[in-house]
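Taking it in order: structure first as structure tokens, then the write-up.
Residue numbers (the numbering used here), protein chains in the order written: chain P, 1403 to 1536; chain V, 36 to 174.
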């Protein structure tokens, strides 16, 4: 007489909850994604020990300055004189705006001084000197 | 007797939903950039309407010239230091000034021909010395 072998139950992991998990991930990424709007111009940023992470990505507006003293805001090349009205507009649209100065490390401080003055004129005084961490 | 017609249940097939969500998920995964906004925070002073010289105690000057040399010290007692020495010098001066009951203010003056990276280095060292009161002199 043959002994009936025990049949093991089917061992399949239930994938019914997979769409839910994917949905959850999707919603997380949808909410946290901030699209990069502007490319800017290539700069070599300086490095600093006290370079901190800046919170509030939505409030950050970038101002690029390269070695040739070209200033780029929102992918438009500006002169120092045009900087004040542009920044004033940003400041009035969002009073919490933070201007991130992405300045090339080999720039002269002359241009920085002019940018400072333009920002003060526009009352956009919260700034960040973008720097890599050492 | 008439049999009531049984309605066939209509249902939209939702088996492809997971695929669509997957696709969207992958899109967002790819487009998300990890935040890389790092820098030194700074609050510019309000636009000066009329500047009146005030006598404040505890001011330490830091000068940076076109040749990127640094002078550091109390008014009239500035000495040449290297960029790396700024932090230790400031810590000493901070202690000295607090002992006299004042609090330290660092005044940074840079010439227009000096390099930006050295200015950032100075600012970094001042921040490392845990000094928050910074004054930026403009020409």
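All C-beta atoms, glycine included, are put in the ideal place defined by N, C-alpha and C.
Check, Outcome
"Per-residue DSSP class, three states only, for residue 83 of chain V", "coil"
"Between the CA atoms of residue 1503 of chain P and residue 82 of chain V - distance to the nearest angstrom", "19 Å"
"Presumed contact (8 Å Cβ cut-off) between residue 115 of chain V and residue 104 of chain V, rounded CB distance", "6 Å"
"CB of residue 1499 of chain P within 8 Å of CB of residue 1461 of chain P, strictly", "yes"
"Nearest-angstrom beta carbon gap, residue 162 of chain V and residue 61 of chain V [assumed within contact, 8 Å]", "Actually they are not in contact, since the Cβ atoms of residue 61 of chain V and residue 162 of chain V sit about 41 Å apart, beyond 8 Å."
"Contacts that residue 164 of chain V makes with chain P (C-beta to C-beta distance below 9 Å)", "Those within 9 Å of residue 164 of chain V in chain P number zero; the least Cβ separation is about 10 Å."
"Contacts that residue 155 of chain V makes with chain P (C-beta to C-beta distance below 7 Å)", "1448, 1450, 1531, 1533"
"Cβ-based neighbour list, residue 1505 of chain P, same chain, cut-off 6 Å, excluding 5 preceding and 5 following", "1467"
"Neighbourhood of residue 41 of chain V by C-beta distance below 7 Å, restricted to the same chain and skipping five residues each side", "none"
"For residue 1528 of chain P, three-class secondary structure by DSSP", "strand"
"Nearest to residue 1529 of chain P (by Cα), restricted to the options P:1443, P:1481, P:1452, P:1464", "P:1464"
"Under 8 Å by beta carbon: chain P residues contacting residue 56 of chain V", "1421, 1424, 1425, 1428"
"For residue 150 of chain V and residue 1517 of chain P, the rounded distance between their alpha carbons", "15 Å"
"Ordered list of alpha helix (DSSP H) runs contained in the segment 70-154 of chain V, each at least 4 residues", "121-134"
"Residue 1454 of chain P - partner residues in DSSP beta bridges", "V:74"
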